[in-house]
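Remarks on the structure that follows.
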Amino acid sequence: MDTEETVGSLQRSGPYTFEWTKLHLPRWKTDPLRYEYDTLAAKALERLQAIAKERGFSDDPRKRPDLYQLLSDNHASHDDLQQLWTQLHAVPDWVDWDQLERGQRFFYRYAAANLMGFALQGFVGENSASSGVVEVLVRTGGFSTRVLLHRLLETFQWLLQVTESLKAIQPGGAGHTSTVRIRLLHSSVRQRILKMVETRPEYFDVETHGVPVNTLDSIHSIATFCCNHMWLQLPRMGVYPTDQEKEDYIALFRYLGYLLATPDEYFVTVDQAKATMESMLVHELTVTKTSRVVCFNFIKCLVDLPPFNVSKEFIEAGSRVLNGDELCDQLEMGRPGWVSYACFRGHCWLVTALAIAQRLSPTFDRWIIEHWKRLLHSAVIQSGLKGASKFDFKYVPKEGIKVEKEGNERKGVKYGLLSRPVETFYLSIFLLGLTLASSVCLAAAVGLPKLALYPARWISKRVGG
Ligand code: HEM
0 MDTEETVGSL QRSGPYTFEW TKLHLPRWKT DPLRYEYDTL AAKALERLQA IAKERGFSDD
60 PRKRPDLYQL LSDNHASHDD LQQLWTQLHA VPDWVDWDQL ERGQRFFYRY AAANLMGFAL
120 QGFVGENSAS SGVVEVLVRT GGFSTRVLLH RLLETFQWLL QVTESLKAIQ PGGAGHTSTV
180 RIRLLHSSVR QRILKMVETR PEYFDVETHG VPVNTLDSIH SIATFCCNHM WLQLPRMGVY
240 PTDQEKEDYI ALFRYLGYLL ATPDEYFVTV DQAKATMESM LVHELTVTKT SRVVCFNFIK
300 CLVDLPPFNV SKEFIEAGSR VLNGDELCDQ LEMGRPGWVS YACFRGHCWL VTALAIAQRL
360 SPTFDRWIIE HWKRLLHSAV IQSGLKGASK FDFKYVPKEG IKVEKEGNER KGVKYGLLSR
420 PVETFYLSIF LLGLTLASSV CLAAAVGLPK LALYPARWIS KRVGG
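Sequence positions in the sequence shown follow numbering that gives the first Met the number 0 and run 0 to 464.
Encoded structure:
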């Protein structure tokens with residue numbers, strides 16, 4: 000049996016170290032949460048399914064009900080629906096809308112660093128190594144490389160909708176509606192897997208992994224969404240969020256977690272949220288065979304993807320910098336050469352320089368935020384998804400469906416200077432930075448002895464005179 004960590008002990012997760020404190024969550028507290036889940040939405044889902052059946056909807060993709068619409072139209076007709084609706088529309092007294100609006104800006108302010116961190120640390124490192132979560136993901140089929148890109152875009156759609164504006168996350172707004180849809184989607188996934196377990200208990204090991212989409216996994220996911228940027232991702236790229244930024248972004252996800260039935264007490268303060276994230280690092284990361292499948296398919300899905308054609312080596316280098324070699328070796332990732340590390344370093348120098356410039360100039364900061372918001376909304380929602388998704392339950396778990404390692408059916412990128420534009424750009428930043436740094440060092444080496452002569456002469460004059 001695992002023993003509890005002692006207060007004051009030094010803990011390590013990859014390149015990140017911290018001290019275990021009283022705020023950290025011992026196993027006796029978190030383990031039972033694996034068997035708890037969102038019963039309110041589960042009951043409401045059953046009621047909605049009964050209403051849908053009465054109205055002629057079915058599992059046929061063309062006849063599937065829009066669960067959110069059904070909930071919105073019928074919440075007054077049944078206690079379970081009304082309770083869920085009331086909870087979703089009640090605004091907790093700790094919500095400070097101005098703070099949440101500031102939190103929304105954080106996502107776009109450091110968009111380049113946030114997106115890179117989210118992909119390479121959040122997905123590649125944390126998500127792949129969350130052993131219970133990946134067991135659910137591979138059973139929905141959504142981690143097959145054929146559909147993974149679409150699912151990733153859907154996740155980004157949600158992230159963009161909940162950071163778009165204050166109106167978007169308030170009841171009735173697009174981000175609020177999407178969050179409710181996700182909550183119902185999670186309930187559908189759980190219900191489906193548990194139904195299959197009734198007749199085939201070996202299909203999903205509830206004893207080990209807990210209930211699918213359980214409370215502990217949800218706390219872990221919310222922590223990954225909001226805390227990892229602050230301590231595990233941005234600082235490793237040379238960007239240091241301010242205390243205010245940490246407070247605001249965590250408060251935003253405390254509210255989103257509330258809408259997703261994730262207990263909010265783990266995100267009450269920055270210190271508590273940090274301790275929650277760190278507790279998950281210590282207790283919840285275990286690399287399994289399924290982790291390797293999820294990681295492999297995730298990388299395959301991104302490699303050589305037009306128009307950026309990012310290479311496998313660049314993804315591996317970035318993942319190794321952010322997650323550390325130990326985890327990446329366990330995930331069976333390759334070891335790229337120095338050029339890929341240089342490209343990733345170029346990315347880090349760029350985001351660091353941008354962050355400094357944004358702190359110096361609020362006008363530039365506002366421009367960056369607006370620019371990223373427009374760019375991402377049009378690239379992800381309009382071009383990528385061809386319109387906002389309603390997050391319906393597409394990849395229904397079925398017997399025999401469990402994703403394995405897959406290729407991406409792309410032919411690969413022909414070698415050329417501009418065949419990998421992002422890496423070429425980052426490499427030029429690295430070379431430019433290196434040239435600048437060497438010039439400064441050279442100037443200092445040549446100039447310093449000369450400069451040192453002046454005070455020496457001045458002193459000798461005084462002493463001599
Ligand atoms: C509480 C924080 C969470 C957030 C913000 C969140 C967000 C999302 C979003 C935006 C989607 C839709 C896009 C997509 O299909 O990927 C989604 C779907 C999904 N989520 Fe979550 N999620 C959370 C927790 C979890 C947990 C803890 C699990 C499981 C262990 C999970 C399992 C899934 C599955 C299986 C789907 C896809 C269903 C399908 O195949 O259509 N999620 N989630």
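Every residue, glycine too, gets a C-beta built ideally from N, C-alpha and C.
Because the structure is a prediction, the values reported are computed rather than measured.
- So which of 40, 296, 378 has the shortest CA-CA distance to residue 184? 40
Residue 6 to residue 325 span [Cα, whole Å]:
The C-alpha of residue 325 is placed about 25 Å away from the C-alpha of residue 6.
Between which two residues does the beta strand (DSSP E) holding residue 17 run? 15-18
Go ahead and label residue 220 buried or exposed: buried means 16 or more other beta carbons lie within 10 angstroms of its beta carbon, across all protein chains shown.
buried
From 264, 217, 102, 114, residue whose alpha carbon lies closest to that of residue 132: The shortest C-alpha separation from residue 132 is found at 217.
Only counting the same chain, and skipping five residues up and downstream in sequence, which positions put a Cβ closer than 8 Å to that of residue 361?
none
List the residues that DSSP assigns as beta-bridge partners of residue 280. Within the DSSP bridge table, the entry for residue 280 names no partner.
ask   = With a cut-off of 7 Å, does the C-beta of residue 188 fall near any C-beta of chain D?
value = Although the question refers to chain D, the structure presented lacks it and comprises just one protein chain.
Is the segment 240-250 close to the segment 269-279, with three or more CB pairs under 8 Å? yes
Assuming residue 348 and residue 406 make a contact with CB atoms under 8 Å, what is their CB distance in whole Å? Contact flag wrong, Cβ pair sits at about 34 Å.
Candidates 73, 181, 166, 392: closest to residue 260 by CA position:
181
| field | Beta-bridge pairing of residue 183 - partner residues as DSSP gives them | value | Bridge pairing for residue 183: absent [DSSP].
Check: Taking C-beta to C-beta, are residue 302 and residue 329 nearer than 7 Å?
Finding: Against a cut-off of 7 Å, the Cβ pair of residue 329 and residue 302 comes out as no contact.
Selection from 10, 227, 354, 27 that minimises the alpha carbon distance to residue 20 | 10
Segments assigned alpha helix (DSSP H), at least 4 residues, entirely inside the segment 240-312 = With a minimum length of 4 residues, the continuous alpha helix (DSSP H) runs that stay inside the segment 240-312 are 242-258, 269-283, 288-301.
_Under 6 Å: does the beta carbon of residue 393 sit that close to some heavy atom of the ligand HEM?_
yes
### Length at least 4, wholly inside the segment 326-411: the alpha helix (DSSP H) runs in chain order
337-359, 361-375
- Message: Quick check on residue 37: buried or exposed, where buried means 16 or more other Cβ atoms within 10 Å of its Cβ?
- Response: buried
Worksheet item: Comparing the CB of residue 106 with every heavy atom of the ligand HEM, is any distance shorter than 6 Å?
Response: Exclusion of residue 106 from the 6 Å shell around the ligand HEM follows from its C-beta lying no nearer than that to any non-hydrogen atom of the ligand.
Give a yes or no on whether the C-beta atoms belonging to residue 327 and residue 339 are separated by under 7 Å. no
Checklist entry - Is residue 143 near the ligand HEM, going by C-beta to nearest heavy atom under 6 Å? => result no
Report task. Within its chain, find whatever has a CB closer than 6 Å to the CB of residue 383; leave out the 5 residues flanking it on each side and keep chain order. Result -> Take residue 383, set aside five residues on each side of it, and the residues of its chain with a beta-carbon closer than 6 Å to its own are 152, in chain order.
Fill in: Cβ pair residue 80, residue 74 closer than 7 Å
yes
What is the DSSP secondary structure of residue 464, reduced to helix, strand or coil? At residue 464, the pLDDT of 48 sits below 50, so the modelled position is not reliable; the number obtained from the coordinates is stated separately. It is coil, neither helix nor strand.
Comparing the CB of residue 153 with every heavy atom of the ligand HEM, is any distance shorter than 6 Å? yes
**Report entry** Stretch-stretch touch, CB-based, cutoff 8 Å, three pairs: the segment 101-112 with the segment 371-385
**Finding:** In short, these stretches touch, since the Cβ pair count reaches three.
inquiry  = Mapping the DSSP letters down to three states, classify residue 39 as helix, strand or coil.
reply    = helix
What is the residue span of the beta strand (DSSP E) that residue 10 lies within?
9-12
Open item on the list: Would you say the beta carbon of residue 180 is closer than 6 Å to some non-hydrogen atom of the ligand HEM?
Closed with: no
| For residue 417 versus residue 341, is the C-beta distance shorter than 7 Å? | no
- [ ] Would you list, in sequence order, the uninterrupted beta strand (DSSP E) runs of no fewer than 3 residues that lie entirely inside the segment 26-76?
- [x] none
Rounded separation between residue 154 and residue 174 - CA only: 12 Å
In the DSSP assignment, find the alpha helix (DSSP H) that holds residue 115 and state where it starts and stops.
-> 110-116
Over the uninterrupted alpha helix (DSSP H) stretch that includes residue 92, give me the two end residues. Per DSSP, residue 92 belongs to no alpha helix (DSSP H) and is neither H nor E.
Could you have a look at residue 127 and say whether DSSP puts it in helix, strand or coil? Helix, per DSSP.
Practice prompt. Leaving aside the five residues before and after residue 376 along the sequence, list all residues of the same chain whose C-beta is less than 8 Å from its C-beta, in chain order.
Written response: 159, 163
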